[in-house]
């Protein structure tokens with residue numbers, strides 16, 4: 046089994062509103078890790094942010110906090126650079142949905158961990174979100190399964206178990222999901238065509 050790599054070489058990190066001392070330390074760490082770090086003092090448009098692999102933002106910078114309550118972040122891992130720990134500031138950071146954080150003042154240690162863990166957390170979150178969307182789509186289509194069962198029961202004189210087996214067999218023979226086959230069957234019945 047191949048060991049997973051923890052290299053960040055070649056990734057691009059956009060750093061928003063970083064203080065000069067933190068920027069100096071980040072630049073040194075980025076060079077050491079092979080990361081291309083781009084430091085931005087103004088919030089760019091959405092397309093410019095989407096060019097990065099990770100976004101890092103200083104949660105204390107007034108431009109970040111007052112940009113809006115919810116900036117338009119692209120769907121990327123975000124790392125909050127935390128300084129102030131007031132409840133309102135932490136709530137603002139939570140609302141930005143970061144996948145990682147690093148404490149200020151930024152030191153040499155912690156940058157690698159924050160980046161690696163942020164990428165991993167982001168990927169896990171994306172996988173879970175994709176799975177939830179799939180399950181929601183299947184759940185929404187379940188009403189068609191019930192309709193298809195009723196159609197088969199009525200048209201073929203089958204009981205519920207027999208109708209389910211028939212629907213499943215038909216779906217497998219057409220290489221469709223049960224839900225897709227049910228939608229087709231319901232649509233065919235609605236339009237008056239025969240299978």
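Numbering (the numbering used here), first residue to last: 46 to 240. Ideal placement from N, C-alpha and C gives every residue a C-beta, glycine not left out.
Item: Considering residue 77, what are the terminal residues of the alpha helix (DSSP H) in which it resides?; Value: 65-78
Item: Of the residues 203, 202, 186, 214, which one's Cα is nearest the Cα of residue 231?; Value: 186
Item: Excluding the five sequence neighbours on either side, which residues of its own chain have a C-beta within less than 7 Å of the C-beta of residue 70, listed in chain order?; Value: 151, 152, 153
Item: Would you call residue 205 buried or exposed, if buried means 16 or more other Cβ atoms sit within 10 Å of its Cβ?; Value: exposed
Item: What did DSSP end up calling residue 196 once you bin it into helix, strand or coil?; Value: helix
Item: Take the Cβ of residue 239 as the centre, count every other Cβ of all protein chains shown within 10 Å, and call the residue buried at 16 or more, exposed below.; Value: Low local confidence applies: a pLDDT of 49 at residue 239 is under 50, so the model's placement there is unreliable, and no value is given.
Item: How should residue 171 be labelled, buried or exposed, when 16 other C-beta atoms within 10 angstroms of its C-beta is the threshold for buried?; Value: exposed
Item: Using 8 Å for Cβ pairs, my map puts residue 91 next to residue 119. What's the rounded Cβ distance?; Value: 6 Å
Item: For the candidate residues 123, 169, 107, whose alpha-carbon lies nearest to that of residue 147?; Value: 123
Item: Tell me, please, which residues DSSP counts as bridged to residue 62.; Value: Answer is none; residue 62 lacks a bridge partner.
Item: Candidates 52, 80, 143: which alpha carbon is nearest residue 163's?; Value: 143
Item: By DSSP, does residue 156 sit in helix, in strand, or in coil?; Value: helix
Item: Thinking C-alpha only, which one of 213, 235, 236 is nearest residue 226?; Value: 213
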